[in-house]
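The block underneath contains the structure these notes are about, expressed in structure tokens.
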Amino acid sequence: MSWTDDRVEILKKMWGEGQSASQIAKELGGVTRNAVIGKVHRLGLSNRTATAAPAAAPAAAAKPEAKANPAAKPAAAAKPKAEPAPEAAEPEPAEAAPAPRPNLPARAKIIPAGQPLPPQPSANEISPEALAKVSEVEKKSKKIGLMDLTERTCKWPVGDPATDDFWFCGLPVQQGKPYCEAHVGVAFQPMSARRDRRR
DNA sequence: CCCTGATTCGC
DNA sequence: GCGAATCAGG
Numbered sequence: 008m009s010w011t012d013d014r015v016e017i018l019k020k021m022w023g024e025g026q027s028a029s030q031i032a033k034e035l036g037g038v039t040r041n042a043v044i045g046k047v048h049r050l051g052l053s054n055r056t057a058t059a060a061p062a063a064a065p066a067a068a069a070k071p072e073a074k075a076n077p078a079a080k081p082a083a084a085a086k087p088k089a090e091p092a093p094e095a096a097e098p099e100p101a102e103a104a105p106a107p108r109p110n111l112p113a114r115a116k117i118i119p120a121g122q123p124l125p126p127q128p129s130a131n132e133i134s135p136e137a138l139a140k141v142s143e144v145e146k147k148s149k150k151i152g153l154m155d156l157t158e159r160t161c162k163w164p165v166g167d168p169a170t171d172d173f174w175f176c177g178l179p180v181q182q183g184k185p186y187c188e189a190h191v192g193v194a195f196q197p198m199s200a201r202r203d204r205r206r
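Written as structure tokens, this is what we have:
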């Protein structure tokens with residue numbers, strides 16, 4: 008894959024929206040996040056300093072031999088990084104992100120997704136696709152116990168807590184979310200497709 | 001361990 | 001120009 012004008016535009020747009028390099032790479036396909044980052048730099052649009060801010064003045068840095076330049080100062084470095092507290096027990100079943108798009112836009116950072124505890128596929132009309140996916144996942148889930156839960160294990164409960172037929176998914180979570188990809192799919196339903204037009 | 005972006009350097 | 005390897009921080 009090469010950086011066609013088209014792809015560069017997508018890159019610019021997504022980067023501008025604050026998407027991570029890996030997300031962009033995933034979206035574009037055929038490139039790694041490194042490639043994306045490399046391109047971003049070459050395009051001159053760096054800044055975002057989400058991570059390390061070495062304060063190195065690249066503008067005047069013609070030679071690595073030069074000592075640190077005190078004149079360089081990150082003027083307005085906005086840092087739109089939202090870190091949802093993982094210990095927030097929000098009784099928010101479904102409906103969190105009204106995302107009209109098939110894939111995840113730049114909404115991830117504004118989703119207050121703490122720890123929705125929703126399972127119970129009761130009155131839910133989730134896409135059969137997603138449900139099927141979940142069922143499939145449950146088969147290969149790690150079936151871990153409560154004690155085995157970590158920040159990176161899917162916390163989706165399976166079975167009946169009142170019986171020994173209960174466990175947690177335990178698969179790798181989608182970063183920033185409490186569940187694996189499959190379960191995130193059913194946990195965060197964009198909106199009910201029901202014909203309830205604004206109640 | 002997972003992730004993030006930044007930089008370097010051979011291609 | 002490109003991007004893997006590496007570095008550095010969270």
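In terms of this note's numbering, the first sequence opens at residue 8 and continues consecutively.
Don't be surprised by glycine CBs; every beta carbon is placed ideally from N, CA and C.
Residues 181 of the same chain have their beta carbon placed closer than 6 Å to that of residue 188, with the five preceding and five following residues left out of the count. Per DSSP, reduced to three states, the secondary structure at residue 165 is strand.
In this structure, the CA atom of residue 192 is about 33 Å from the CA atom of residue 12. Remark: C-beta atoms of residue 177 and residue 148 approach each other more closely than 8 Å.
Ranked by Cα distance from residue 144, the first of 152, 161, 157, 153 is 161.
Our two residues, residue 179 and residue 190, have alpha carbons roughly 11 Å apart in a direct line. Cβ-Cβ distances below 6 Å link residue 172 to 166 in the same chain, with the five nearest sequence neighbours on each side left out; the list follows chain order. In the structure shown, the three-state DSSP call for residue 179 is strand.
The C-alpha of residue 152 is placed about 42 Å away from the C-alpha of residue 45. The three-state reading of DSSP puts residue 22 in helix, counting H, G and I together.
With a contact defined as Cβ atoms closer than 8 Å, residue 22 and residue 38 miss out at about 13 Å. The continuous alpha helix (DSSP H) containing residue 40 extends over residues 40–49. Residue 31 is positioned such that its CB atom lies no closer than 8 Å to that of residue 52.
By DSSP's assignment, residue 174 forms a beta bridge with 165. Comparing alpha carbon positions, the residue from 15, 26, 25, 195 closest to residue 138 is 195. Burial state of residue 135 is exposed, judged by a 10 Å Cβ sphere holding fewer than 16 other Cβ atoms.
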